[in-house]
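Each residue of the first sequence is one higher than the one before, counting from 469 in the working numbering. C-beta atoms are modelled at their ideal positions from N, C-alpha and C, and glycine is treated no differently. Notes follow once the structure below has been shown.
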Amino acid sequence: MIRIYNTLTQQKETFKPIEPGKVRMYVCGMTVYDYCHLGHARVLVAFDVVTRYLRSRGYEVTYVRNITDIDDKILRRAEENGEPFTQLTERMIDAMHEDEARLGVLPPTAEPRATEYIDEIIAMIRTLIEADHAYVADNGDVYFSVASFKDYGKLSKKNLEDLLAGARVDVEEAKRSPADFALWKAAGEGEVSWPSPWGDGRPGWHIECSAMSTRCLGDTFDIHGGGPDLLFPHHENELAQSECATGHKFVNTWMHAGAIRVDKEKMSKSLGNFFTIREILETYPAEVVRFFLVSSHYRSQVDYSEENLAEAGRSLARLYHALRGIVPASSETVPETGHDRHFIEFMNDDFNCAGAISVLHALAHDINQQRREGQNEEARKSAAVMVRLGSVLGLLQQDPDAYFQADSAGVLSAEDIEAKIQARAEARKARDFAGADRIRDELAEQGVILDDSREGTSWRRS
RNA sequence: GGCGCGGUGGCAGAGUGGUCAUGCAGCGGACUGCAACUCCGCGUACGCCGGUUCGAUUCCGACCCGCGCCUCCA
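Okay, here's the thing in structure tokens:
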């Protein structure tokens, strides 16, 4: 029994898919005008874990994550760069795919782009106009009439009066109400546009998600996810449009990830305090970044800092250390253990990954102890469990030696290091400990740490 | 101002009405030529004040503090 916190009802609910055994999920993806930052990574990883876990429990998951490849920010950036907007978006989409692959994020089932759904968008706007939920304004824009949807605000818990009282809503004369939002924006002279019954223009931001999600997943689907700052206005507006257009409930479970913070402030584009994924990956192994993200609950805020990343690295190293030098038994031969059940218990409770990781540590402890006591077969079984549970979180899938010895800015080659280890072994044999220690210290200075064991000496980069 | 979330040991981070989170760091011991790795052990954590209760970090109320959204943002 999986329980998920639903933003709409503000409580954890037992998850029951519309169609037994199948899950239809939509997550708001990127607006591709810049590189992805850590905040994007959080959403990517969080819903990757949701997908992996649901699949591991036997669900067939259809995971749709859109790409917004047309909007004002894209057009502005393309103009600044002096390039066609499609060239910019293609480049950023490639970069995004690269980033997510490095973070171990599985590709979604479908990745629809706004520009490929213009027909569906126009059809939905037409339906909304016909039903009097939208209107064509004097300036040629088409707006959604917020007053026409009595449930407006039910997702973000806002009421219209409060919204209108706030001075921050965009006062646009053509709108009937300041809270109304654009479905279709009329194109100015020379702007990128598509033909429509209301003249040339381009879609507003929210309508694309309504059109793509309902087209790909049906009028009603199971899960809709996204970042914390999408709750309002984006998801609220999406919900309003969709329910008005289809006449059905839009989404059963709404999931929102927590924000990434830097120095107690939200990491965001507007504050300019963001770190891109590729920037961070220059300093930290991708799996450490993923581990950092997964080791706290997806809904909580997390602070990005060098120290926190470093600690995640040390914690992950403990896990890989346990796996080092043993060949895990094949997973099928190891039946479900208490650890598996614990893991599932944690994950069933709104994807409690922090708890799930504690099970991985318990397994590491078991393996170390079993090896110490010479129970190698038991250790191999424990390792198999650890790797299979790790795969649900997208962790521990690398060869441990490869993980520790990954050539990240290493000055010394693996051959050089092996040669030094050999020299040290000979010195030790001759009981020249001063000489042996000198070699070890030299390696340490180059960022190489040695681990002696009965079987010999292994090394890792610090 | 409106709405929402949170304050857990040196740090990170789960969780629970009454024996255990977990990890990092630290300390003591074992292993080791010495280290590293690993193992064994250690540390009177639950913002503040009331209330409910046999018993509250966990439930209720007030208060203090922090954060998020209300504008493009994942």
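Start and end residues, beta strand (DSSP E) containing residue 919
On the first sequence, position 451 is the one that residue 919 refers to. Taken as a continuous stretch (DSSP letters only), the beta strand (DSSP E) holding residue 919 covers 916 to 921.
Restricting to runs no shorter than 4 residues, where is the alpha helix (DSSP H) found entirely within the region 553 to 609?
For the region 553 to 609, whole alpha helix (DSSP H) runs of length 4 or above, ordered along the chain, are 553 to 570, 586 to 598.
Which residues bound the beta strand (DSSP E) around residue 482?
One-based indexing of the first sequence puts residue 482 at position 14. Residue 482 -> beta strand (DSSP E) spans 479 to 482.
Three-state secondary structure (DSSP) at residue 513?
For the purposes of this step, residue 513 is identified with residue 45 of the first sequence, where counting begins at 1. Of the three classes helix, strand and coil, the one that applies to residue 513 here is helix, per DSSP.
Is it true that the region 480 to 495 meets the region 528 to 540, where meeting means three or more beta-carbon pairs spaced less than 8 angstroms apart?
Contact check between the region 480 to 495 and the region 528 to 540: three or more CB pairs, one atom from each, fall below 8 angstroms, which counts as touching.
Smallest Cα separation from residue 504: which of 860, 918, 745, 908?
Here the question's residue 504 lines up with position 36 in the first sequence. With distances taken between CA atoms, residue 504 lies nearest to 745 out of 860, 918, 745, 908.
Would you kindly report the start and end of the unbroken alpha helix (DSSP H) that includes residue 784?
Stepping through the first sequence from its first residue, residue 784 is reached at position 316. 774 to 791 is the extent of the alpha helix (DSSP H) around residue 784.
3-residue-minimum beta strand (DSSP E) runs that sit fully inside the region 492 to 545, ordered along the chain:
Taking only runs of at least 3 residues, the beta strand (DSSP E) segments lying wholly in the region 492 to 545 are 528 to 533.
Length of the line joining the Cα atoms of residue 743 and residue 828
Against the first sequence, residue 743 aligns to sequence position 275. Against the first sequence, residue 828 aligns to sequence position 360. Whole-angstrom Cα-Cα distance: 29 angstroms.
Got a sec? Which residues, its chain only, sit under 6 angstroms from residue 872 by beta carbon, not counting five neighbours each side?
For the purposes of this step, residue 872 is identified with residue 404 of the first sequence, where counting begins at 1. Cβ within range, chain order: 928.
With residue 730 as the anchor, note down where its beta strand (DSSP E) starts and where it stops.
Taking the first sequence and counting its residues from 1, the one referred to as residue 730 is at position 262. That run of the beta strand (DSSP E) goes 728 to 730.
Starting from residue 808, follow its DSSP beta bridges and name the residues at the other end.
Here residue 808 refers to the residue found at position 340 when the first sequence is read from its first residue. Answer is none; residue 808 lacks a bridge partner.
Tell me where the alpha helix (DSSP H) around residue 682 begins and ends.
Against the first sequence, residue 682 aligns to sequence position 214. Its alpha helix (DSSP H) spans residues 673 to 685.
Measure the beta-carbon distance from residue 538 to residue 582 and round it to whole angstroms, keeping in mind my assumption that it falls under 8 angstroms.
Here residue 538 refers to the residue found at position 70 when the first sequence is read from its first residue. Here residue 582 refers to the residue found at position 114 when the first sequence is read from its first residue. For a cut-off of 8 angstroms, the C-beta gap from residue 538 to residue 582 is around 5 angstroms, short enough to register as a contact.
Alpha-carbon to alpha-carbon, residue 770 and residue 833
Residue mapping note: residue 833 aligns to position 365 of the first sequence, counting from 1. Residue mapping note: residue 770 aligns to position 302 of the first sequence, counting from 1. If you take the alpha carbons of residue 833 and residue 770, they lie about 27 angstroms apart.
Go ahead and label residue 515 buried or exposed: buried means 16 or more other beta carbons lie within 10 angstroms of its beta carbon, across all protein chains shown.
By one-based count along the first sequence, residue 515 stands at place 47. Buried is the call here.
Cutting at 7 angstroms between CB atoms, please list the residues of its own chain near residue 696, excluding the five before and the five after it.
Here residue 696 refers to the residue found at position 228 when the first sequence is read from its first residue. Excluding the 5 residues flanking it on each side, residue 696 has same chain C-beta neighbours closer than 7 angstroms at 724, 725, 726, 727, in chain order.
8 angstroms Cβ cutoff met for residue 617 and residue 596:
The residue labelled residue 617 in the question sits at position 149 within the first sequence. The residue labelled residue 596 in the question sits at position 128 within the first sequence. Using a Cβ distance threshold of 8 angstroms, residue 617 and residue 596 do not count as a contacting pair.
Unbroken alpha helix (DSSP H) run spanning residue 745, endpoints
Residue 745 sits at position 277 when you count from the first residue of the first sequence. Under the DSSP assignment, residue 745 falls in the alpha helix (DSSP H) whose first and last residues are 745 to 748.
Would DSSP call residue 692 helix, strand or coil?
Within the first sequence, residue 692 is the residue found at index 224, counting from 1. Residue 692: strand per DSSP, three-state reduction.
What is the rounded straight-line gap between the Cα of residue 795 and the Cα of residue 560?
Taking the first sequence and counting its residues from 1, the one referred to as residue 795 is at position 327. Taking the first sequence and counting its residues from 1, the one referred to as residue 560 is at position 92. Approximately 40 angstroms, taken between the alpha carbons.
May I have a chain-ordered list of the alpha helix (DSSP H) segments no shorter than 4 residues that lie completely inside the region 830 to 873?
Listed in chain order, the complete alpha helix (DSSP H) runs (minimum 4 residues) inside the region 830 to 873 are 844 to 861, 868 to 873.
Residues sharing a beta bridge with residue 490, DSSP
Along the first sequence, one-based indexing puts residue 490 at 22. In the DSSP secondary-structure assignment, residue 490 is bridged to 487, 528.
What is the DSSP secondary structure of residue 925, counted as helix, strand or coil?
The count along the first sequence starts at 1 and reaches residue 925 at position 457. If DSSP states are grouped into helix, strand and coil, residue 925 belongs with the strands.
Which same chain residues, not among the five before or five after residue 517, have their C-beta less than 7 angstroms away from its C-beta?
If you number the first sequence from 1, residue 517 lands on position 49. Correct list, in chain order: 762, 819, 821, 861, 862.
Just how far apart, CA to CA, sit residue 729 and residue 740?
The count along the first sequence starts at 1 and reaches residue 729 at position 261. The count along the first sequence starts at 1 and reaches residue 740 at position 272. Their Cα atoms are separated by approximately 12 angstroms.
Cβ contact check for the region 667 to 686 and the region 698 to 711: 3 or more pairs under 8 angstroms
They touch, by the three-pair rule.
With the cut-off set at 8 angstroms, would you say residue 672 and residue 651 are in Cβ contact?
On the first sequence, position 204 is the one that residue 672 refers to. On the first sequence, position 183 is the one that residue 651 refers to. Result yes, Cβ atoms of residue 672 and residue 651 sit closer than 8 angstroms.
Just to confirm before moving on: does the CB-CB distance between residue 614 and residue 645 stay below 8 angstroms?
The sequence position of residue 614 within the first sequence is 146, counting from 1. The sequence position of residue 645 within the first sequence is 177, counting from 1. Against a cut-off of 8 angstroms, the Cβ pair of residue 645 and residue 614 comes out as a contact.
On a Cα-Cα basis, can you pick out the residue from 790, 540, 892 that is closest to residue 553?
To locate residue 553, count along the first sequence from 1; it is residue 85. Closest by alpha carbon: 540.
Apart from the five residues just before and just after residue 648, which ones in its own chain have a Cβ nearer than 7 angstroms to its Cβ?
Position 180 of the first sequence holds residue 648. Taking C-beta separations shorter than 7 angstroms and ignoring five residues to either side along the sequence, the partners of residue 648 in its chain run 611, 612, 613, 614, following chain order.
Indicate the three-state DSSP secondary structure (helix, strand or coil) for residue 733 in the structure shown.
Here residue 733 corresponds to residue number 265 of the first sequence, with the count starting at 1. Looking at residue 733 - three-state DSSP - the assignment turns out to be strand.
Pick out whichever of 498, 567, 569 has its Cα sitting closest to the Cα of residue 542.
Against the first sequence, residue 542 aligns to sequence position 74. Measuring from the Cα of residue 542, the nearest candidate turns out to be 498.
Classify residue 702 as helix, strand or coil using the three-state DSSP reduction.
For the purposes of this step, residue 702 is taken as residue 234 along the first sequence, with counting starting at 1. Reduced to three states, the DSSP call for residue 702 is helix.
Check whether the Cβ atoms of residue 759 and residue 780 sit closer than 8 angstroms, and answer yes or no.
One-based indexing of the first sequence puts residue 759 at position 291. One-based indexing of the first sequence puts residue 780 at position 312. Annotated as proximal: residue 759 and residue 780, with beta-carbon spacing under 8 angstroms.
For residue 771, the residue or residues it bridges with in DSSP
As a working note, residue 771 is residue 303 in the first sequence. Beta-bridge pairing links residue 771 to 729.
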